[in-house]
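Remarks on the structure that follows.
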Amino acid sequence: MGYEMGNLIGHLDADCFYASAERVRFPHLKEIPIGVLGNQGACVIAKSYEMKARGVTTAMPIWEAVSHCPEGVYIKRDFQWYEVLSRKMLELLKQYSPTVEYYSIDEFFFEADYLEQAFGCDLPHAVAALQAKFLEQVGVPVSIGVSTSRILAKLGSDSAKPYGWHVLIESELIAKLLQEQPVGELTGIGFRSGLKLEALGIKTCADLAAADRKMIRDLLTIKGEAIWYELQGESVIPIQVTRPQHKCVARGGSLGGRVTDPEVLNGWLIRNLERLTEALFAYGYQCGRLCLELQLKDRTGWARQVLLHGHTDAFEVLAPAAQKLLRQIDPAGTPVSYMHLIAKDLRTAGQRQLSLLDQQTSRANSLKRKVNQSIGRFALRSGATLTLPELYSDQAHDHEICDIYGKTCF
Amino acid sequence: MVGLSLLRSEIPETLIARQNLQNWLTRRSDQAVEEIRFLWRVRNSLLPVWSQNELSLVEWGNKDRCNRLPCGSHLMQEEWENGCWKNCQRVEVPANFGLANHVWFHVIGGFQGILIHDNRGGAHVYLLTQPASHYYEVMTRSKRMPLFIGQGI
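So the protein sequences, as listed, match chains D and R.
If you're matching positions, the first sequence starts at 28 in our numbering and goes up one per residue.
If you're matching positions, the second sequence starts at 1143 in our numbering and goes up one per residue.
Right, here's the structure in full:
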C-alpha cells in the first residue's frame, strides 16, 4: 500500500455536529432544516445541511436566516448535551486507536495503523466500518480522512463531507485533492497568510506543496514550514494526547445587551471570575496578571490589566483586583456589551514562586468548589451575581464550549 | 405566538379523520416527518389539548366579539394567578414546534393553556403567556412568550 505501520494518521470530524446531536435525542428533526442558535438567540451558530442548502450560513443573524429558510426550526444550543456525545465519540475512538487527540468538541486526530487489524479488513473498508460504528453507537454521522500526516488527513475528511471518507495514500490521489483545494482551506492558513500566498500566485494546496520550502518558512515562519512538510505527506505535527500549556485562560462573552448599571456589571464581572478561577483550578494554573477586556457601546475596545502580588488562583485575591480594573472605566456609566477576564503569566502550581504575602485558596472557596461539584455548577455562588437572576435561572447558561476540558484546540 | 405544530404520529388517526385534518398536513422537506399545523390566522383555529388523559381539538381562544369570553389567543399568567378567570381549567397543549413572528422554534414538552367554557357550553383554550426571557425576545422579537412545559428557553 506504500505506507508503513506507525505512519498513518486519521482525522474524524462529526458532520454538522450540533444539529446532528439534536437529532440524536429528537429523531423527528431528521431531514428538517434546523439551526442551532447561540446563547442570546441572535444568530445561527450551527446549521443542518438542509438549512445550509437554503443559503443560511454560520453566524447569520436569525432574522436573515428566517428570510432564507422560513420552514427552518431554531433550537437553543445545549453544550452539556453536546459534551455528552463528544465524550462518547472520544471513548469509542479510543477502542480502535491507542493514540487519540481530542482536538475539538467534534474533531479527533488518531493513530490509524490498527484499523485494519481491528476490523479484519483492508484500510478503506476498515475506515468505512469505523464510520458506520459511530453512526450506530453514537448516532452522529462523521466524515473520516486517513493519510500520512495530520494536514492531509484533515483535508481528506473535510473534502469527504457529508458522511464520507477518504484514504489518501496513493500519490495520484493526494495530488488531485491538493489541486482541488484552495490554500485557505488549510488549518493554520488564515486570512493574512492567504493574502501573502496569493500575492505569490499560491492559490491551491498543490501550489503550496510545490513552492520552495525556505521561501514558505520566511513568509509564514516555522508554522508555515510545518504545513509544507505535512502537504508532502511527512508528519511533523504530532498527535497530542494532552493539551499543551495555555498562554492565557479567558472567560467571558456577551452581556446580552448594553449594560450600564454598576451592580449588574459587577455581577457579570464576578460571574466571569468564578468561571475563570474554576478553569484555573481545573488546569492547575495560577496567574501573575489579570486583564479585563470590554467592548463599549460604540464597539470600541477597552482593556486594563493588573500585575498581581505573586501567582494565584484564589477568588478572594482576584475579585478585588478585577473590581479595581472595572472601576477604571472612564467615563463611569459607559454602556458595556462584551466582557472578558483573562488570566495571564500562567504557572502551574508547582512552578510558582512563593511569597511572604502568599494567599492560598480559602477553606470557604474549597467548600464552594466541593458543593458545586456534587450539587451542580453555580449552586453556591457569590452574592454579587444575584443581579443576574435570569442568567442563573436557565441551566443552558451553565455550560459553554470552553467549559469542555481536555480539547487541544478551542 | 401565532401557531404550533404537532407530529402526525402524535395525533390518533381517528382524530385526524374525525376533524378532517388531512388538509392541515405538511412537511418541512420531502423526507421530513409529517406535521399538522395549528395556526391562529385560519378561520376556525383549533389547538390540541390534553385533558383527562385524552387528546382533543378545542377552539383556540375567541375571535367572536359578541361572546363574553376574552378576545384573542392568549391569557396572561399574571391575570390567571390573580384569579381574573373563574371556572376554568389548566391544560397541556402538546406541540413539537412553535411559531412566533415567523420564527419556528423547537418545543419539547408543549405549552400550558387554560380551558374555558362559554355560556353555550363550548370549550375554548387559551395559551398562557409570561414576560419573554431575553433569549426568546431576541429570537422572536416578542415581549411575551408562552409557558413552556419542562423546557427552559
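Positions of the beta carbon are idealized from the N, C-alpha and C atoms, including for glycine.
In this text, all values refer to a predicted model and were calculated from it rather than measured experimentally.
Cβ neighbour criterion (16 or more within 10 Å) applied to residue i
| i | result |
| --- | --- |
| residue 1200 of chain R | buried |
| residue 433 of chain D | exposed |
| residue 1254 of chain R | buried |
| residue 60 of chain D | buried |
| residue 1226 of chain R | exposed |
| residue 376 of chain D | exposed |
| residue 29 of chain D | Below a pLDDT of 50, predicted positions are generally treated as unreliable, and residue 29 of chain D, at 47, falls in that range; no measurement from the model is reported. |
| residue 360 of chain D | exposed |
| residue 207 of chain D | exposed |
| residue 1206 of chain R | exposed |
| residue 1224 of chain R | exposed |
| residue 1180 of chain R | buried |
| residue 1229 of chain R | exposed |
| residue 1151 of chain R | exposed |
| residue 1194 of chain R | exposed |
| residue 1288 of chain R | buried |
| residue 10 of chain D | Look at the range of chain D in this structure, 28 to 437, and you will see that residue 10 of chain D is not part of it. |
| residue 79 of chain D | buried |
| residue 1290 of chain R | buried |
| residue 241 of chain D | exposed |
| residue 311 of chain D | exposed |
| residue 272 of chain D | exposed |
| residue 232 of chain D | buried |
| residue 250 of chain D | exposed |
Range of the contiguous beta strand (DSSP E) that encloses residue i
| i | result |
| --- | --- |
| residue 172 of chain D | 169-174 |
| residue 414 of chain D | Element bounds for residue 414 of chain D: n/a, residue is neither H nor E. |
| residue 277 of chain D | 276-286 |
| residue 155 of chain D | Taken as a continuous stretch (DSSP letters only), residue 155 of chain D belongs to no beta strand (DSSP E), being part of the alpha helix (DSSP H) at 150-164. |
| residue 193 of chain D | 192-194 |
| residue 1230 of chain R | 1230-1235 |
| residue 1313 of chain R | Here chain R covers residues 1143 to 1295 and nothing more, so residue 1313 of chain R does not appear. |
| residue 375 of chain D | 363-375 |
| residue 322 of chain D | 312-323 |
| residue 337 of chain D | 328-339 |
| residue 405 of chain D | Looking at the DSSP string, residue 405 of chain D is not in any beta strand (DSSP E), and its letter there is neither H nor E. |
| residue 130 of chain D | 127-131 |
Chain-ordered neighbours of residue i on chain R, where CB pairs are closer than 8 Å
| i | result |
| --- | --- |
| residue 60 of chain D | 1170, 1171 |
Under 9 Å by beta carbon: chain R residues contacting residue i
| i | result |
| --- | --- |
| residue 95 of chain D | Per Cβ cutoff of 9 Å: no residues; residue 95 of chain D is ~12 Å from chain R at best. |
| residue 51 of chain D | Within chain R, no residue comes near residue 51 of chain D; the closest Cβ sits about 14 Å away, beyond 9 Å. |
Residue from the options with nearest C-alpha to residue i
| i | options | result |
| --- | --- | --- |
| residue 417 of chain D | R:1197, R:1276, R:1290, R:1159 | R:1276 |
| residue 288 of chain D | D:254, D:177, D:356, D:327 | D:356 |
| residue 35 of chain D | D:208, D:307, D:180, D:131 | D:180 |
| residue 1245 of chain R | R:1185, R:1282, R:1288 | R:1282 |
| residue 193 of chain D | D:227, D:218, D:154 | D:154 |
| residue 38 of chain D | D:58, D:145, D:186 | D:186 |
| residue 1263 of chain R | R:1272, R:1210, R:1218 | R:1210 |
| residue 1138 of chain R | R:1294, R:1286, R:1293, R:1251 | Nothing about residue 1138 of chain R can be reported from this structure: the residues present for chain R run from 1143 to 1295 only. |
| residue 1267 of chain R | R:1235, R:1240, R:1173, R:1218 | R:1235 |
| residue 109 of chain D | D:62, D:46, D:129 | D:46 |
| residue 371 of chain D | D:396, D:335, D:390 | D:335 |
| residue 1278 of chain R | D:122, D:103, D:319 | D:103 |
| residue 340 of chain D | D:303, D:172, D:132, D:368 | D:303 |
| residue 138 of chain D | D:171, D:342, D:159 | D:171 |
| residue 1154 of chain R | R:1197, R:1249, R:1186, R:1184 | R:1197 |
Interface partners of residue i on chain D, CB under 7 Å
| i | result |
| --- | --- |
| residue 1295 of chain R | 103 |
| residue 1239 of chain R | 100 |
| residue 1281 of chain R | 64, 68, 89, 101 |
Residue i Cβ short of 7 Å to the ligand HEM heavy atom set
| i | result |
| --- | --- |
| residue 86 of chain D | Questions concerning the ligand HEM fall outside what the structure shown contains, since it holds no ligand whatsoever. |
Contacts of residue i in chain R (Cβ-Cβ under 7 Å)
| i | result |
| --- | --- |
| residue 99 of chain D | 1246 |
| residue 449 of chain D | In this structure chain D extends from 28 to 437, so residue 449 of chain D is not present and cannot be described. |
| residue 77 of chain D | 1171 |
| residue 283 of chain D | 1276 |
Within chain D, partners of residue i - CB distance below 8 Å
| i | result |
| --- | --- |
| residue 1275 of chain R | 417, 421 |
Per-residue contacts from residue i into chain D (C-beta, under 9 Å)
| i | result |
| --- | --- |
| residue 1268 of chain R | Going along chain D, no residue has its Cβ under 9 Å from residue 1268 of chain R, so there is no contact; the nearest lies around 24 Å. |
N- and C-terminal bounds of the alpha helix (DSSP H) containing residue i
| i | result |
| --- | --- |
| residue 107 of chain D | 106-121 |
| residue 1143 of chain R | Unbroken run through residue 1143 of chain R: none, as it is neither H nor E. |
| residue 183 of chain D | 177-187 |
Between the segment 328-340 of chain D and the segment 252-269 of chain D, do three or more beta carbon pairs fall short of 8 Å?
-> With a cut-off of 8 Å, the segment 252-269 of chain D and the segment 328-340 of chain D do not count as touching, because too few Cβ pairs lie within range.
Segment contact flag, the segment 44-63 of chain D with the segment 157-176 of chain D, C-beta cutoff 8 Å, min 3 pairs | The answer is yes - the segment 157-176 of chain D touches the segment 44-63 of chain D, with three or more Cβ pairs under 8 Å.
Segment contact flag, the segment 419-429 of chain D with the segment 1152-1163 of chain R, C-beta cutoff 8 Å, min 3 pairs | no
When the Cβ atoms of the segment 171-190 of chain D are set against those of the segment 208-222 of chain D, are three or more pairs found closer than 8 Å?
-> yes
Examine the Cβ distances between the segment 341-357 of chain D and the segment 274-288 of chain D and report whether three or more of them are shorter than 8 Å.
-> no
Below 8 Å, can you find three or more Cβ-Cβ pairs linking the segment 87-94 of chain D to the segment 63-76 of chain D?
-> yes
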